[in-house]
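Going letter by letter, the sequence shown gives residues -1 to 412 in the working numbering. Reviewing the structure listed below.
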Amino acid sequence: MTAKTNLTVNPQRLWDTLMDTARFGATPKGGIKRLTVSDEDKKVRDWFKAECEKLGCRVEVDEVGNMFAIRPGKRSDLLPVAMGSHLDTQPTGGKFDGVLGVLGGLEAMRTLVDMGYETNAPIMLVNWTNEEGSRFAPAMLCSGVYAGVFSVDYAYAREDRQGIKLGDELERIGYKGAIKAGAVKFQAMFELHIEQGPILEAESKMIGVVTGVQGMRWYEVTVKGQESHTGATPMGLRRNALLGAARMIEAIHQVGMANLPGVASVGLIENRPNSRNVVPGEVFFTVDLRHPDEAVLDLMEAQYKAALPKIAAELGVEVEEKRIWISPAVKFAPELIACVRAGTEQAGYPSRDMASGAGHDAAYIARVAPTTMIFVPCLGGISHNEAESTTLEECGAGAQVLLNAVLAYDRTLA
Ligand code: HGY
Ligand code: MN
Ligand code: MN
């Protein structure tokens, strides 16, 4: 087979595929709601498997639903070079978070097939289960299982807020594979992703050469007071759980403000009984703390933990909190970052080095194989929002640099 060296992706084809697959979970506002292992997730998984098989890939599914599509190379003795990201979305997600990484990799695969280019190593495309952590906490759960951070049983037992278990849902949609997690091996992974922040756009850079991911920690808090009548209970005699939660949420915000560029957020809250004329008796909420420096993250955690009991005592309510997830700051592999730099130069795009504020499967995969990421801009830096947007040109640029970087790495294996 004659191999061409300057392989060019087809941005229009990539864009059309992004727009077409957005129908799986499409929302009226133009976003995607494709929660992990939902019926919509099953539809896009089935579509993805069929598309990869059309390209001559073998598709394997492991016991936590991670999907691995493998295109053979000249040398079957070499472990595959992987591209990967996720197809699950937030409940009010956009068309590009995670999806661009998987479909950008598909476009790279399609280009290799179109051009009859035979790589040295097999090339792999991965769809990681439950990256978002929205339906089943924590995030990056099944790339975490692959990397040995979480057990399979822990993942299977994770429940959504309706008490449904991940393991049962994997069974139900037919994606609880027979292969052991971690058994499908690869020697490196590149992940293409939208930046999900404003920097590339603000600096008119097309490519982010990602050097690592900041540290992240998630907590769950329950505030307990006493349900009582809003009309008959004097203000001074109330044990108002929602008031307690409100003050704690403000204190958590201040922990972020006091430790910039760290961030501190409360995203999920359940108020019980949530009735207009009942003083709330119990509130559940989640906390998300992040910082590039683990020592500062320790300080933020201490400040957050100190604030809660103080507020609870002032209001005569109780508070319980527990950390449910810790993902330490990660540095990516210099040799893969060099391939991204070379791939960017080859394509002629302006770029800048940057760390990732958002979590990604690459953060866990970096524990078991050399890994790095490539960012492209998104409009206004908006993500985790149905208005998430990027352009055909930016998606094409990302896929081109992804392909160039993978081939640059593959040439080192000759
Ligand atoms: O939480 C994150 O940063 C990712 O979107 N799961
Ligand atoms: Mn993502
Ligand atoms: Mn996300």
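A virtual CB, placed ideally from N, CA and C, is assigned to each residue, including glycine. Note that the structure is a prediction, hence the values are computed from the model and not measured.
Tell me the DSSP bridge mates of residue i?
{"i": "His227", "result": "Val276"}
{"i": "Thr284", "result": "Glu218"}
{"i": "Ile30", "result": "Ala24, Gly91"}
{"i": "Asn269", "result": "Val281"}
{"i": "Ala262", "result": "Leu287"}
Using only alpha-carbon positions, find the residue among the options that is nearest to residue i.
{"i": "Gly180", "options": "Asn383, Cys393, Ile363, Thr410", "result": "Ile363"}
{"i": "Ser36", "options": "Gly172, Leu53, Met122", "result": "Gly172"}
{"i": "Gln194", "options": "Val57, Gly394, Ser354", "result": "Ser354"}
{"i": "Gly23", "options": "Thr15, Lys329, Asn128, Gly91", "result": "Gly91"}
{"i": "Met371", "options": "Phe330, Asp408, Cys393", "result": "Phe330"}
{"i": "Cys376", "options": "Gly265, Ala200, Gln252, Leu405", "result": "Ala200"}
{"i": "Lys454", "options": "Val285, Gly279, Val366, Ile380", "result": "Outside the shown range of the chain, which is -1 to 412, sits residue 454, and nothing can be said about it."}
{"i": "Gly102", "options": "Lys41, Asp14, Cys140", "result": "Asp14"}
{"i": "Tyr302", "options": "Glu218, His358, Asp408, Ala327", "result": "Glu218"}
{"i": "Gln344", "options": "Glu51, Gln212, Ile205, Thr388", "result": "Ile205"}
{"i": "Met17", "options": "Ser387, Phe188, Ala336", "result": "Ser387"}
{"i": "Gly242", "options": "Ala230, Pro259, Ile267", "result": "Ile267"}
{"i": "Val328", "options": "Val211, Asn128, Met113", "result": "Val211"}
{"i": "Phe282", "options": "Glu319, Ala293, Ser263, Ile30", "result": "Glu319"}
{"i": "Phe46", "options": "Leu411, Thr19, Met214", "result": "Thr19"}
{"i": "Ala135", "options": "Arg409, Cys337, Asp286, Leu401", "result": "Asp286"}
{"i": "Ser381", "options": "Ala106, Ser273, Pro196", "result": "Pro196"}
{"i": "Glu129", "options": "Pro368, Tyr407, Ala397, Ala356", "result": "Ala356"}
{"i": "Ser273", "options": "Ser263, Met298, Leu240", "result": "Leu240"}
{"i": "Ser311", "options": "Ala300, Ser149, Arg245", "result": "Checking the sequence shown, residue 311 turns out to be Ala, not Ser. Minimum Cα distance to Ala311 is reached at Arg245."}
{"i": "Lys178", "options": "Pro259, Ala397, Val338, Cys140", "result": "Cys140"}
{"i": "Val207", "options": "Leu190, Asp359, Gln88", "result": "Leu190"}
{"i": "Pro89", "options": "Met122, Arg133, Glu292", "result": "Arg133"}
{"i": "Ala27", "options": "Glu58, Asn4, Pro78, Lys93", "result": "Correcting the residue type first, residue 27 is Lys in the shown sequence and not Ala. Looking at the Cα atoms, Lys93 is the closest of the given residues."}
{"i": "Gly54", "options": "Arg32, Met107, Val79", "result": "Met107"}
Compute the Euclidean distance between the alpha carbons of residue i and residue j, then round it to the nearest angstrom.
{"i": "Glu248", "j": "Pro271", "result": "22 angstroms"}
{"i": "Ala67", "j": "Asp39", "result": "17 angstroms"}
{"i": "Gly63", "j": "His84", "result": "11 angstroms"}
{"i": "Val147", "j": "Val317", "result": "29 angstroms"}
{"i": "Thr34", "j": "Glu167", "result": "9 angstroms"}
{"i": "Thr6", "j": "Tyr144", "result": "32 angstroms"}
{"i": "Arg73", "j": "Ala119", "result": "6 angstroms"}
{"i": "Thr25", "j": "Tyr115", "result": "38 angstroms"}
{"i": "Asp351", "j": "Arg21", "result": "34 angstroms"}
{"i": "Leu12", "j": "Asp86", "result": "18 angstroms"}
{"i": "Glu169", "j": "Asn257", "result": "43 angstroms"}
{"i": "Leu313", "j": "Ala385", "result": "40 angstroms"}
{"i": "Gly254", "j": "Val261", "result": "5 angstroms"}
{"i": "Gly341", "j": "Met138", "result": "27 angstroms"}
{"i": "Met81", "j": "Thr209", "result": "17 angstroms"}
{"i": "Thr0", "j": "Leu334", "result": "Bear in mind that a pLDDT of 43 at Thr0, under 50, signals an unreliable position, so the number given afterwards is only what the model happens to contain. Roughly 27 angstroms between the two C-alpha positions."}
{"i": "Gly378", "j": "Ser202", "result": "12 angstroms"}
{"i": "Leu98", "j": "Gly29", "result": "14 angstroms"}
{"i": "Lys2", "j": "Leu405", "result": "A caution first: Lys2 carries a pLDDT of 45, below 50, which makes its placement in the model too unreliable to give a value."}
{"i": "Arg43", "j": "Asp60", "result": "13 angstroms"}
{"i": "Gly71", "j": "Asn125", "result": "20 angstroms"}
{"i": "Ile324", "j": "Trp216", "result": "7 angstroms"}
{"i": "Leu76", "j": "Ala412", "result": "10 angstroms"}
{"i": "Ala304", "j": "Ser226", "result": "28 angstroms"}
{"i": "Phe188", "j": "Thr109", "result": "17 angstroms"}
{"i": "Val111", "j": "Thr220", "result": "53 angstroms"}
{"i": "Gln224", "j": "Ser349", "result": "55 angstroms"}
{"i": "Arg56", "j": "Leu400", "result": "21 angstroms"}
{"i": "Ala186", "j": "Thr369", "result": "6 angstroms"}
{"i": "Asn402", "j": "Ile309", "result": "54 angstroms"}
{"i": "Thr127", "j": "Met65", "result": "8 angstroms"}
{"i": "Pro278", "j": "Thr231", "result": "12 angstroms"}
{"i": "Gln160", "j": "Val100", "result": "29 angstroms"}
{"i": "Tyr154", "j": "Ile162", "result": "10 angstroms"}
{"i": "Ala395", "j": "Glu105", "result": "12 angstroms"}
{"i": "Met214", "j": "Arg288", "result": "4 angstroms"}
{"i": "Arg156", "j": "Pro9", "result": "38 angstroms"}
{"i": "Leu235", "j": "Lys222", "result": "15 angstroms"}
Any residue whose CB is nearer than 6 angstroms to a heavy atom belonging to ligand 1, listed in chain order: Glu129, Glu130, Gly131, Ala137, Ala356, Gly357
Uninterrupted alpha helix (DSSP H) stretches inside the region 37 to 86 (no shorter than 4 residues): For the region 37 to 86, whole alpha helix (DSSP H) runs of length 4 or above, ordered along the chain, are 37 to 52.
Within the region 357 to 391, note down every full beta strand (DSSP E) run reaching 3 residues or more, in order along the chain. The qualifying runs are 369 to 374.
What alpha helix (DSSP H) runs, 4 residues minimum, are completely inside the region 119 to 197? 139 to 144, 150 to 155, 164 to 171
Starting from the N-terminal end, write out each residue whose C-beta falls within a distance shorter than 5 angstroms of any non-hydrogen atom of ligand 2. Asp95, Gly96
3-residue-minimum beta strand (DSSP E) runs that sit fully inside the region 312 to 354, ordered along the chain: Runs found: 316 to 325, 349 to 354.
Runs of alpha helix (DSSP H) wholly within the region 198 to 257 (minimum 4 residues, chain order): Listed in chain order, they are 239 to 255.
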